[in-house]
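A short write-up of the structure that comes next.
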Amino acid sequence: MSRRIVVKVGSNVLTRPDGMPNATNMSALVDQISALRALGHEIVLVSSGAVACGRGAVSPRHQLDSVAARQLYSSVGQIRLINLYSNLFAGYGIVIGQVLTQKENFSSRTAYLNQRACMLTMLDNGVIPVVNENDTVSLTELMFTDNDELSGMIASMVDADTLVILSNVDGIYTGSPDDPASRLIRRVESGRDLSEYVASTKSGFGRGGMGSKCGTAGKVASEGITVIIARGDRKDVLLDVIEHPDRAPHTLFEPTAAPLSTVKRWIAHSTSFAKGTITVDARAAEILRSDRAVSLLPVGVTAVEGEWEEGDIIAVDGPDGERIAIGRAATDSREASASAGRHGCRPLVHYDYLYLE
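If you use our numbering, the sequence shown corresponds to residues 4 to 360, in order.
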């Protein structure tokens, strides 16, 4: 059965220790993506490596801060990276298209849908989107946590069936992957907490670590998308985890049985874009957390913070300050404040636009 697959490959797979592109791994990746395409699958490639490639090509004339260094390295490295991909895919007669994005492109529903339409048009016309963060203009506070986060947002955006995160380890282990006593966790049930097994250590050239990958995987799986974490430099790993999963070690996160709507998927990844916060009392928090399909009503609201317009993203907290939900506001902040605690007023967030954390 053909699938729409988002493949995320990290800097440690794409670059050598000296920062130069790892042509062997890149070529193997392209070979496997081409083979999957021949089997009828649609592929979106989320590729790190631009900053690392640039670091291996240019030496700054003086000390740079982290933002300036990332801008310099990515501006040089992205050209090298995309040219390598273009030449490698051309050997299979496949055309690729570059998609450079920023986190703020996901904050507006209009911008989000425009970006989604662009990538779907590329897929409809046989073009493989190659996605990366636009590090030349991204500032620290507006950046994705890493490309693991970006790949999860892209998977949701294009309604992917599967997200494959290629790392430098085979998956999630019960301990350190270097410890012989550790075992690979091959399957993760929806909603399972893996925090006791996951270290926050970052790796090599990339910004992410296994904690980031695990967090992204759990969130995306909760939206109804299968997620696989595997070692990117293992021979034929991408082909195997898709077509012959028993052949390659990996960790698979099972998707929830009730997939989210496309708009709720967008909202699920919009926590950092919240323009304000609504605090509710204990009874309202209990109702929202129940299995009932309920909207956020003003009657249970105890506080309104921030300023927003109708359609903006807002957060919903319980009386203890714990985040309950994120949603798309059905009113502006002025109406929300005026109706707080009152009966008979229209919902502040409709259920169809409310994502429970």
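For each residue, glycine too, the CB sits at the ideal point set by N, CA and C.
These numbers were taken from a predicted model, which means no experiment stands behind them.
Aspartate 164 and lysine 106 have their C-alpha atoms some 23 Å from each other. The criterion of a C-beta distance shorter than 8 Å is not satisfied by valine 102 and glycine 155.
When Cβ pairs closer than 8 Å are counted between the two stretches, the region 116-133 is seen not to touch the region 11-28, the count staying below three.
Within the same chain, Leu255 and Glu257 come within 7 Å of arginine 190 by CB-CB distance, once the 5 residues on both sides are set aside.
DSSP places lysine 11 within a strand segment (E or B) once states are collapsed to three.
If you compare the alpha carbons of Val307, Asn108 and Ala38 with that of asparagine 137, the shortest gap goes to Asn108.
If you ignore the 5 residues before and after threonine 259, its C-beta comes within less than 6 Å of the C-beta of Ser193, Ser225 and Gly227, all in its own chain and listed in chain order.
For arginine 112, the enclosing alpha helix (DSSP H) has its first and last residue at 112-127.
Separation of leucine 91 and arginine 286 (C-alpha to C-alpha, rounded to the nearest whole angstrom) is 58 Å. Taking one beta carbon from each stretch, the region 269-279 and the region 322-334 have 3 or more pairs nearer than 8 Å; the two touch. Unbroken beta strand (DSSP E) stretches of 3 residues or longer found wholly inside the region 69-116: 99-104, given in chain order. Three or more pairs of CB atoms, one per stretch, sit closer than 8 Å, so the region 300-314 contacts the region 328-346. For valine 134, the closest alpha carbon among the candidates Ser179, Gln81 and Ala184 is that of Gln81. Excluding sequence positions up to five before and after valine 130, its CB lies within less than 6 Å of the CB of Val98 and Gly100, all in the same chain and listed in chain order. Around the beta carbon of asparagine 128, fewer than 16 other beta carbons sit within 10 angstroms, so the residue counts as exposed. The C-alpha of leucine 169 lies about 15 Å from the C-alpha of asparagine 25. Contact annotation: the region 37-54 touches the region 74-88, with at least three C-beta pairs closer than 8 Å.
Under the 10 Å beta carbon count, threonine 113 is surrounded by fewer than 16 other beta carbons and is classified as exposed. In chain order, Arg119 place their CB closer than 6 Å to the CB of methionine 160, counting only its own chain and leaving out the 5 sequence neighbours on each side. Distance between glutamate 313 and aspartate 294, taken at the CA atoms: about 26 Å. In the structure shown, the three-state DSSP call for threonine 219 is helix. A direct Cα-Cα distance of roughly 13 Å separates aspartate 249 from aspartate 173.
Taking the Cα positions, isoleucine 231 is about 5 Å away from valine 167.
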